[in-house]
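Accompanying notes for the structure given below.
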Amino acid sequence: MAFMVCKMLMIPSINKDIDKKIKAMDPDWTEYLEGYYQLIHAGAEIKNSATYAEPCRQVLDKIQAKLPQLDIDTGRNIWILKRAALSGGRDIICMDRVKKIIKFVQSHDSRHVEKKWVIQKYIERPFLIYNTKFDMRQFFLVTAWNPLTIWYYKENYICMSSQPFNLENLDNSIHLCNRPVQMQFKNCPTRHPELPEDNVWSNRKLQEYLCMIGAENVWEDVMVPGIKKIIYQTMQVSQNKVTHRKNSFDIYGADFMFSENFNPWLIEINSRPDMSSPTAVTGVIFKSILEDTIKVIIDRKKDPNCDIGAYELIKKQVHYYQGVNDKRYSLWQYIIIGIYIKG
């Protein structure tokens, strides 16, 4: 059944659905999921599975070209649930069964006014440091929304979990790297001695680790360019939804993880990121980013070539973005002309 569904999903991507109507499939998802859980969690096996290996491999190769997220999956189908509008790791949990997810959300909704949830696909194959999960806080500054002007901050830090990575155990001590969460747990006594006691590294320490494992070029060649691209594209998508005020600016904190091949994946972006409870690493970064922000906002107005610290311009739009929030343009100026096509 999984093989059939994957083949059906590939049809729209190769434009075979343009000239003819495809009958919608209505598979028995309950039966399918139960079978899936038996295979993944209970050690069941598919009879004569070898006969399906090559056709499945061919379909997966085609899907991979259209679905980059396959690189971060293991087949465990783990999801991370977050209550909207909360921070600091509150009400976040990892789950791998649909029924449990629905039951969890419904039971918590009955006790809270806020009933919106964010449910994200969990990165099951992350790049690890000494078999330990981490995420990276990347600061950036937006000094204008129209034209969009974004500054990347070159000094950042990573937060690690206190326990070794393990997909068989979905406990928060393993999978949530938020400092407020990890401060509730004791570090695993058998973990690698090079891991920091406070579970925080600077990005420079991360680069040293990359050099040690023979990946000295991926920071400049893969990680940083990918982060900059994601930040710019995300802000560009949001550009039409933000009310621009002249002489204003915002500092944002983007949280990234990396796949096994070092590609960055955006987890979330925080407006007004928390800079309290500094560590030996973050205290230095928090101080410098505030000082450098003043350089960009104040000093640069007087001298465009002044020192701006660790900031670097990601991109400044050449042309103004003419979105629907731009009062110079009215939706009523546009007329759609066409001919109705009978279905």
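Per the working numbering, the very first residue in the sequence shown carries number 843; after that it's consecutive. Ideal Cβ positions, reconstructed from N, Cα and C, are used throughout, including at glycine. Treat the numbers as computed from the prediction; the structure is a model and nothing was measured.
In the DSSP assignment, Trp871 falls within the unbroken alpha helix (DSSP H) covering 871-883.
Judged by DSSP secondary structure, Arg899 falls within the alpha helix (DSSP H) whose first and last residues are 895-908. Between the stretch 1014-1026 and the stretch 1071-1081 there are fewer than three C-beta pairs closer than 8 Å, too few to call the two in contact.
Beta-carbon to beta-carbon, Asn1045 and Ile1111 are separated by about 18 Å, too far to satisfy the 8 Å threshold. About 38 Å separates the beta carbon of Asp913 from that of Ser1090, a gap too long to meet the 8 Å contact definition. When only Cα atoms are considered, Asn1147 and Asn1105 end up about 33 Å apart. Rounded to the nearest angstrom, the gap between the Cα atoms of Trp993 and Asn919 is 36 Å. Under DSSP, the beta-bridge partners assigned to Lys1158 are Thr991. Going by DSSP, Asn1112 is part of the beta strand (DSSP E) stretching over 1106-1113.
The continuous alpha helix (DSSP H) containing Gly1125 extends over residues 1122-1136.
Assigned with DSSP and collapsed to three states, Ile888 falls in coil, not helix or strand.
In this chain, Gln962 is not harboured by any alpha helix (DSSP H); it is covered by the beta strand (DSSP E) spanning 959-963. DSSP, read as helix, strand or coil, puts Tyr1094 in strand.
Secondary structure of Gln1026 (DSSP, three-state): coil. Tyr995 is positioned such that its CB atom lies closer than 8 Å to that of Ala1152. Counting only the Cα atoms, Thr974 lies some 11 Å from Glu1036. Inter-segment contact for the stretch 943-951 and the stretch 977-991 is absent: fewer than three beta-carbon pairs are separated by less than 8 Å. Distance check between Glu1133 and each of Pro910, Glu1010, Leu983, Trp1107 places Leu983 closest, using alpha-carbon atoms only.
Look at the beta carbons and you see the stretch 870-889 not touching the stretch 902-910: under three pairs across the two are nearer than 8 Å.
Ala1096 and Ile888 have their C-alpha atoms some 42 Å from each other. If you draw a straight line from the Cα of Met1099 to the Cα of Met937, it is about 19 Å long. Per DSSP, the continuous alpha helix (DSSP H) segment holding Lys1047 begins and ends at 1045-1054.
Restricting attention to Lys1144, Lys1143, Asp1149, Ser1113, the CA atom closest to the CA of Ser1130 is found in Asp1149. Lys1028 counts as exposed, since fewer than 16 other beta carbons sit within 10 angstroms of its beta carbon.
Ser1118 sits away from Asp1092, with the two beta carbons spaced by 8 Å or more.
In this structure, the alpha-carbon of Leu923 lies about 13 Å from that of Ile965. Ile943 sits in a helix when the DSSP states are folded into three classes. Secondary structure of Arg1087 (DSSP, three-state): coil. Ile882 and Asn1011 have their C-alpha atoms spaced approximately 14 Å apart. In this structure, Leu1108 is the residue among Met1054, Pro897, Leu1108 with its C-alpha nearest to the C-alpha of Lys963.
For Leu1052, the closest alpha carbon among the candidates Val1042, Phe969, Ser1015, Met1002 is that of Phe969.
Between the alpha carbons of Trp1061 and Gln980 lies a gap of roughly 14 Å. Residue pairing from DSSP places Phe976 in a beta bridge opposite Met1002. By the Cβ-count criterion, Tyr894 is exposed, with fewer than 16 other Cβ atoms from all chains shown falling within 10 Å of its own Cβ. Look at Ala844 here: in three-state DSSP terms it is helix.
The C-beta distance from Phe845 to Cys898 rounds to 6 Å, short enough to fall under 8 Å.
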